[in-house]
Amino acid sequence: MIPFDHLGPVFKRFASLVYPQRFRNDLASLSRRMERGGHVLDAGGGTGILSAFLYAQRKDLTFVLLDPAHGMLRHAPAFAVRTVGVAESMPFPGHFFEAVMIGDAFHHCDDPDRAAEEMRRVLKPGGVLVVFEIDPEKALGRFIARAERALGEPAHFFAPGVLSARLAEAGFACTVSRYAWRYAVWCTAPRRAG
Ligand SMILES: C[S@@+](CC[C@H](N)C(=O)[O-])C[C@H]1O[C@@H](n2cnc3c(N)ncnc32)[C@H](O)[C@@H]1O
28 MIPFDHLGPV
38 FKRFASLVYP
48 QRFRNDLASL
58 SRRMERGGHV
68 LDAGGGTGIL
78 SAFLYAQRKD
88 LTFVLLDPAH
98 GMLRHAPAFA
108 VRTVGVAESM
118 PFPGHFFEAV
128 MIGDAFHHCD
138 DPDRAAEEMR
148 RVLKPGGVLV
158 VFEIDPEKAL
168 GRFIARAERA
178 LGEPAHFFAP
188 GVLSARLAEA
198 GFACTVSRYA
208 WRYAVWCTAP
218 RRAG
């Protein structure tokens, strides 16, 4: 297993390098459409890199970081609310968040379908889910997937079309953006609660 509990300082310093500028721009565009004062969940948020990108644009939003590793959360920025837990079983009420982001963490979930159901449960109707992942159809993505498997991680790496279809099965309407060996699935939760 990857010892995330001990890797907080490393992720704090280097994790932003995983996210290309074009993705950050896309996230910034999305943030402009979010309701004032809304709640955003950064699932598997680690040291809060994705939240920090959005906070730079929208200081009025409340950011909630969920991660099982105390050692990552300890290095999160003070503006974020930190919660220890996993994406498959979230300690939040239903229909609570305007947006959920999960960056470079979905493949770490033991049960990705359960995590997708939970993300849908906690999102408000019409809320937005952003899943940023590594593409196992690209050479570098394949290498990372093999390395994580060798380290005993769940390594649930899905090709963009496969993940998008799985999230659609969970009830989301999805589109995919590709960023070389990474990609994001941008999803909207159904407009009606349920
Ligand atoms: C590669 S790090 C990414 C952290 C952060 N999103 C970033 O971009 O820097 C993966 C994170 O997923 C977390 N994680 C592992 N299993 C998880 C689960 N079942 N649910 C939520 N997060 C999980 C790890 O503790 C770790 O912080």
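Each number in my numbering comes from the position in the sequence shown (counting from 1) with 27 added on. Using N, Cα and C, we set each Cβ at its ideal position, and we do this for glycine too.
Distance CB(residue i)-CB(residue j) smaller than 9 Å
| i | j | result |
| --- | --- | --- |
| H97 | T74 | no |
| I76 | E175 | no |
| G198 | F184 | no |
| V149 | F123 | yes |
| Y82 | R209 | no |
| P139 | G112 | no |
Residue i Cβ short of 8 Å to ligand 1 heavy atom set
| i | result |
| --- | --- |
| H183 | no |
| I171 | no |
| L68 | no |
| M99 | yes |
Sequence-distant residues of the same chain with beta carbon closer than 7 Å to residue i, five excluded per side
| i | result |
| --- | --- |
| R218 | P152 and G153 |
| A55 | Q84 |
| S43 | I76 |
Which residues DSSP lists as bridging residue i, in chain order
| i | result |
| --- | --- |
| W213 | V157 and T202 |
| D140 | D140 is not bridged to any residue. |
| L93 | A70 and T110 |
| M128 | D69 and V157 |
| S116 | V113 |
Neighbourhood of residue i by C-beta, 6 Å cutoff - its chain only, sequence neighbours within 5 removed
| i | result |
| --- | --- |
| E164 | A186 |
Close-in-space but distant-in-sequence residues of the same chain around residue i (CB under 8 Å, 5 per side omitted)
| i | result |
| --- | --- |
| H194 | The question names His, yet the displayed sequence has Leu at residue 194. Counting only Cβ-Cβ distances below 8 Å, and skipping sequence neighbours, we find A143, L156, V158, C201, V212 and C214. |
| L178 | M28 and I29 |
Validate contact between the stretch 125-133 and the stretch 152-160 using beta carbons, cut 8 Å, 3 pairs: Touching, yes, given that three or more Cβ pairs across the two stretches are closer than 8 Å.
Three Cβ pairs or more, each shorter than 8 Å: is that satisfied between the stretch 112-126 and the stretch 56-68? The stretch 56-68 and the stretch 112-126 touch, with three or more beta-carbon pairs separated by less than 8 Å.
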